[in-house]
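Below: one structure, written as structure tokens.
Residue numbers (full-length UniProt numbering): 1 to 183.
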């Protein structure tokens with residue numbers, strides 16, 4: 001997309017700023033994990049504890065640093081509302097190990113809440129060289145109820161993941177439509 005994903009602009013804000021703003025509504029402590037520190041954001045940065053292990057390593061790093069639960073939001077999910085993350089947190093507060101949206105048969109592990117109980121199983125998988133999060137969620141996660149997901153927004157929009165220029169184009173159209181609605 002021509003620059004690091006964190007710097008990609010969607011409207012007037014970078015993807016990193018959008019994720020930071022969403023998380024800042026939920027917590028006074030927002031920590032950036034993996035990649036390089038982002039100068040525009042004044043959050044603490046932790047490098048991944050394991051190199052080349054993808055997002056699973058970032059979650060392991062965050063859980064290893066945290067005292068309690070970790071709310072995860074990938075910066076390429078710009079339309080996830082704070083309410084969705086609060087709902088996942090509520091499910092984990094009630095005893096779930098992990099809570100993530102599961103829409104149309106697919107987990108969304110990067111907009112989820114992970115309890116400390118997830119750290120052991122995650123580390124075991126990483127130690128075996130298994131980096132995918134979908135299997136972990138299949139084993140120990142509680143899906144966010146579909147009706148709850150729909151209450152916070154249109155799932156295909158709020159779970160839009162920006163990985164390609166085509167995805168970015170769609171996100172820009174959605175953002176434009178949303179701004180037209182609010183006029």
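Every residue gets a Cβ at the ideal spot worked out from N, C-alpha and C, and that includes glycine.
**Asked** By Cβ distance, which residues of its chain are closer than 6 Å to residue 142, with the 5 residues on each side in sequence left out?
**Response** 91, 96, 99
**Asked** Within the chosen definition, does the region 46 to 56 reach the region 116 to 132 through at least 3 CB pairs nearer than 8 Å?
**Response** yes
**Item:** C-alpha distance - residue 69 paired with residue 26, whole-angstrom precision
**Value:** 12 Å
**Request:** Sort 117, 147, 15 by Cα distance to residue 62 and report the nearest one.
**Result:** 117
**From 19, 65, 42, residue whose alpha carbon lies closest to that of residue 114** = 65
**Item:** Endpoints, alpha helix (DSSP H) assigned at residue 56
**Value:** 54 to 65
**Message:** Measuring only the C-alpha atoms, how far is residue 77 from residue 139?
**Reply:** 24 Å
**Message:** Taking 8 Å as the limit between beta carbons, can you name the residues of its chain near residue 49, skipping five residues before and five after?
**Reply:** 57, 60, 61, 64
**Request:** Starting from residue 46, trace the beta strand (DSSP E) both ways and give me its first and last residue.
**Result:** 44 to 46
**Item:** Secondary structure, beta strand (DSSP E): runs of 3+ residues fully inside the UniProt domain "MobA-like NTP transferase" (1 to 129)
**Value:** 31 to 33, 44 to 46, 70 to 73, 98 to 103, 111 to 114
**Prompt:** How many Å lie between residue 17 and residue 129 at the Cα?
**Reply:** 32 Å
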